[in-house]
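S.K.: The sequence shown begins at 10 in our numbering and counts up one residue at a time. The beta carbon of each residue, even a glycine, is placed where N, CA and C say it ideally should be. One structure, as structure tokens, below. Some questions next.
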Amino acid sequence: MKFINIDKNQIPYEFEIVLDNSTFQFELNYNSVGDFFTVSLKKDHVKIIDNYKVVYNVELFENLKHLGVPKVVIKPFDTTGTANKADYENMNEDVFLYVLDT
Numbered sequence: 010m011k012f013i014n015i016d017k018n019q020i021p022y023e024f025e026i027v028l029d030n031s032t033f034q035f036e037l038n039y040n041s042v043g044d045f046f047t048v049s050l051k052k053d054h055v056k057i058i059d060n061y062k063v064v065y066n067v068e069l070f071e072n073l074k075h076l077g078v079p080k081v082v083i084k085p086f087d088t089t090g091t092a093n094k095a096d097y098e099n100m101n102e103d104v105f106l107y108v109l110d111t
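As structure tokens, then:
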């Protein structure tokens, strides 16, 4: 299963990724007070989504397909079934941002 690799040591940072045959820029941030991650999404370096909260087992950009987000499912999930949230401790350890074609 394909997933987006998150380097927690580099946050905040931005990287490019090809999704749905288009190149997007993902900007990752971490909120240490609330212990959660956010994703900002750009296409051609124009911001589409700003600081979308990453919630365990909830598809990123789920109800925002009309804004030009990639037509793939990106879902933070733990295939071992031990995690129940996407926090700093388990992100990219147990919880990964899995990419599924629609």
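1. Do you know offhand how far G43's Cα is from D110's?
2. Mind checking which residues open and close the beta strand (DSSP E) that includes I58?
3. Just reading off the beta strand (DSSP E) that K17 is part of, what are its end residues?
4. Enumerate in chain order the residues of its own chain whose CB-to-CB distance from D29 is below 6 Å, with the five nearest sequence positions on each side excluded.
5. Check the Cβ-Cβ distances between I15 and every residue of chain D, and say whether any is below 8 Å.
M.R.: Judging by the given coordinates:
1. 30 Å
2. Segment V55 to K62, the beta strand (DSSP E) holding I58.
3. No beta strand (DSSP E) contains K17, which DSSP labels as neither H nor E.
4. Result list for D29: P79, K80 and V81, in chain order.
5. In summary, chain D is missing from the structure at hand, where a single protein chain is found.
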